[in-house]
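Asker:
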Amino acid sequence: MKEIILIKNGELALKGLNRRTFEDMLIKNMRRRLEPVGKFRFTVAQSTIVAEPEDEQTDLDEAVERIGKVFGIAGFSRAAAVEKDMDVILRSAEEYLAPQLLTARSFKVEAKRSDKKFPLNSPQICAKAGEYLLEKFPHLTVDVHSPDLVVNIEVRDAYAYIHGKQIKGAGGMPTGSAGRAALLISGGIDSPVAGYMMAKRGLELIAVHFASPPYTSERAEQKVHSLLKQVSKYSGRIGLWVVPFTETQELIKDNCPEEIFTVIMRRMMMRTAQIIAKRENAGALITGESVGQVASQTMPAIACTDAVCEMPVFRPLIGMDKDEVIAISRKIDTFDISILPYEDCCTVFTPKHPRTRPTLEYVEECEKALETDRLSRECAENARFVAINAY
Ligand code: ATP
Ligand code: MG
């Protein structure tokens, strides 16, 4: 039996005028994500996208796994695509949905007929199929209000589609539909989650990672690659810029009061990330900060960091508890990578007694000892590019 995937595109349906553009973007993203699995033909009709494998041998399990991670999809189903003949439809429903029908206690049939030439109308299709399935699966009862299983029959242009349980999609908006932003990524738990959350809102990600060799190792950078690979299963490919940060950090250490290291370092990161973001046509920065989590994330410290930013800084974790962040990192499979030991450029230079309530005047005064513009420009110029793509 021919099998296809029927995709319901969630929030997209609300976008009115822009709908076509969004749909095109979603299809482009799906096509790219499914490329290693096989060639698919995509057709759109009434807020449903049909993905039909061109080759019958295509691994649909793998395709379903991948579609489940594409943003902009509310739900989707595997469906049998059969000849538009009522007898064929009935026998196919019996066979194709047998595993689901056998485990359900109650069911109902829902039918849609967009091909008005089909001899039966929707209520007639429902009645016929309901009667037939009851006879074949006598343990079932019909429940129109809250059935265990809804048997869907959609008679469309080329085929009749039969499907049962819907699979929940990744939600959100198609990656790229909201523009592009630069994710500051460490090897920790928070920043990969922050990237995932903003990609879900339709942002295409580029990533910026600050490395301080020899204080930080090659292994620490590899860890960032692994984290981004995992995020890219949802966000699509990510361009990573690895910034050499050693000189900047040593200058901070040698010239600024220890209690204020972290805030100054954060400001240097933002300045540099911003230069890279502009160069890459990104319109915002993304960080994994959350209020009060550590000394550099108190409100006064964040205010000092923000003071050097000319573009919006998205902090999707700002109001979340650590356990909420961890729950998401487990869901997207970054947690086990994040908890591997590594040296972060921050931890290497962490002061013993950081100031939790820095004032901007004080920070700016301390920074006078540094050539902040030159340093951040050089950091951005010397950044090294790595293309990250899970597929
Ligand atoms: P994470 O788990 O993301 O490392 P964290 O709770 O450890 O976050 P910090 O180390 O204070 O918090 O970092 C706050 C944010 O600053 C991070 O979420 C990340 O966006 C950014 N950041 C920290 N270190 C780096 C780095 N080496 N390269 C790029 N960005 C960084
Ligand atoms: Mg960290």
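Okay, so the sequence shown: first residue is 834 according to the numbering used here, each after it adds one.
No residue lacks a Cβ here, since even glycine has one placed at the ideal position from N, Cα and C.
Remember, it's a predicted structure, so these values are computed and weren't measured experimentally.
Under the three-state reduction of DSSP, which class applies to Ile900: helix, strand or coil?
Answerer: Here Ile900 sits in helix by DSSP.
Asker: Does the beta-carbon of Pro793 have 16 or more other beta-carbons within 10 angstroms, so that it is buried, or is it exposed?
Answerer: The requested residue 793 is not part of the displayed model; the chain covers only 834 to 1224.
Asker: Are the stretch 1065-1082 and the stretch 1209-1223 touching by the rule of at least three beta carbon pairs closer than 8 Å?
Answerer: These segments touch.
Asker: Could you compute how far the alpha carbon of Lys1155 sits from the alpha carbon of Asp1023?
Answerer: Their backbone Cα atoms lie some 8 Å apart in a straight line.
Asker: Taking C-beta to C-beta, are Val984 and Ala962 nearer than 8 Å?
Answerer: Cβ atoms of Val984 and Ala962: closer than 8 Å.
Asker: Ser939 bridges to which residues according to DSSP?
Answerer: Answer is Thr974, bridged to Ser939.
Asker: What number of angstroms, rounded off, separates the C-alpha of Ser1068 from the C-alpha of Tyr1029?
Answerer: The alpha-carbon atoms of Ser1068 and Tyr1029 are separated by roughly 7 Å.
Asker: Do Met1144 and Ala1110 have their C-beta atoms within less than 8 Å of each other?
Answerer: A contact, by the Cβ cut-off of 8 Å.
Asker: Specify, as a first and last residue, the run of the beta strand (DSSP E) that Pro952 falls within.
Answerer: Counting along the chain, Pro952 falls outside any beta strand (DSSP E), and DSSP gives it neither H nor E.
Asker: Quick one: residues in its chain with C-beta nearer than 7 Å to the C-beta of Thr891, no 5 flanking neighbours on either side, listed in chain order?
Answerer: So the list reads Val870, Gly871, once near-sequence residues are dropped.
Asker: How far does the alpha helix (DSSP H) with Glu1037 in it reach, from first residue to last?
Answerer: Unbroken run through Glu1037 is the beta strand (DSSP E), 1036-1044; no alpha helix (DSSP H).
Asker: Can you tell which of Ile882, Glu1054, Phe970 has the C-alpha that lies nearest to the C-alpha of Arg853?
Answerer: Closest by alpha carbon: Ile882.
Asker: Under 8 Å by Cβ, that's how I've got Arg1034 and Gly1002 pegged, so tell me the actual separation to the nearest angstrom.
Answerer: In fact, because the Cβ distance is near 15 Å, the residues do not count as touching under 8 Å.
Asker: Kindly indicate the opening and closing residues of the beta strand (DSSP E) around Val921.
Answerer: Val921 -> not in any beta strand (DSSP E); alpha helix (DSSP H) instead, spanning 919-929.
Asker: Hey, out of Leu966, Lys941, Gly1009, whose CA is closest to His978's CA?
Answerer: Measuring from the Cα of His978, the nearest candidate turns out to be Lys941.
Asker: Can you say whether Val1041 is buried or exposed, counting buried as having 16 or more other CB atoms within 10 angstroms of its CB?
Answerer: Val1041 is buried by the Cβ-count criterion.
Asker: I need the boundaries of the alpha helix (DSSP H) containing Thr1079, first residue and last residue.
Answerer: Where Thr1079 is concerned, the enclosing alpha helix (DSSP H) stretches over 1079-1088.
Asker: Consider the C-beta atom of Val1041 and the heavy atoms of the ligand ATP; say whether any pair is separated by less than 7 Å.
Answerer: Within the cutoff, so yes.
Asker: Along the chain, where does the alpha helix (DSSP H) containing Thr876 start, and where does it finish?
Answerer: Careful: Thr876 lies outside any alpha helix (DSSP H), inside the beta strand (DSSP E) at 873-878.
Asker: Assuming Glu887 contacts Phe873 under a Cβ cut-off of 8 Å, what Cβ separation, rounded to an integer in Å, is found between them?
Answerer: Contact holds; Cβ gap of about 7 Å.
Asker: Is Thr891 helix, strand or coil when you go by DSSP?
Answerer: Looking at Thr891 - three-state DSSP - the assignment turns out to be coil, as it is neither helix nor strand.
Asker: State the DSSP-derived secondary structure class of Phe1182, mapped to helix, strand or coil.
Answerer: In this structure, Phe1182 counts as coil in the three-state DSSP scheme.
Asker: For Ile1172, is the classification buried or exposed, using 16 other Cβ atoms within 10 angstroms of its Cβ as the cut-off for buried?
Answerer: Flag for Ile1172 reads exposed.
Asker: Check for me: the alpha helix (DSSP H) holding Asn862 runs from which residue to which?
Answerer: 852-867 is the extent of the alpha helix (DSSP H) around Asn862.
Asker: Kindly examine the ligand ATP and report whether one of its heavy atoms sits closer than 7 Å to the Cβ of Glu1051.
Answerer: Glu1051: no, Cβ never under 7 Å from the ligand ATP.
Asker: Could you work out which residue in Lys950, Gly1020, Ile1085 is closest to Thr1205 when comparing CA atoms only?
Answerer: Residue Ile1085 is the option with its Cα nearest to Thr1205.
Asker: At a threshold of 7 Å, does Ser979 count as lining the ligand ATP (C-beta to nearest heavy atom)?
Answerer: For the ligand ATP, not one heavy atom lies less than 7 Å from the Cβ of Ser979.
Asker: Let me check one thing: in DSSP terms, what residues is Glu885 bridge-paired to?
Answerer: DSSP lists Arg874 as partners of Glu885.
Asker: Within a Cβ cutoff of 6 Å, which residues of the same chain sit near Thr1189, ignoring the five residues on either side of it in sequence?
Answerer: Once the five neighbours on either side are set aside, the close Cβ partners of Thr1189 are Ala1128, Thr1131.
Asker: Please list the terminal residues of the continuous beta strand (DSSP E) segment that includes Gly1002.
Answerer: Segment 1000-1004, the beta strand (DSSP E) holding Gly1002.
Asker: So the candidates are Gln1063, Glu964, Ala907; which of them puts its Cα closest to the Cα of Ile1000?
Answerer: Nearest C-alpha to Ile1000: Ala907.
Asker: Does the distance from the C-beta atom of Arg866 to that of Arg911 stay below 8 Å?
Answerer: Result no, Cβ atoms of Arg866 and Arg911 do not sit closer than 8 Å.
Asker: Does the beta-carbon distance from Glu1037 to Gly1020 come in below 8 Å?
Answerer: Against a cut-off of 8 Å, the Cβ pair of Gly1020 and Glu1037 comes out as no contact.
Asker: Taking Cβ positions, are Ala914 and Lys998 nearer each other than 8 Å?
Answerer: Contact: no.
Asker: Let me know the secondary structure DSSP gives Ala944 once reduced to three states.
Answerer: It is a strand residue.
Asker: Answer with buried or exposed for Thr1192, where buried requires no fewer than 16 other C-beta atoms within 10 angstroms of its C-beta.
Answerer: It is exposed - the Cβ of Thr1192 has fewer than 16 other Cβ atoms within 10 Å.
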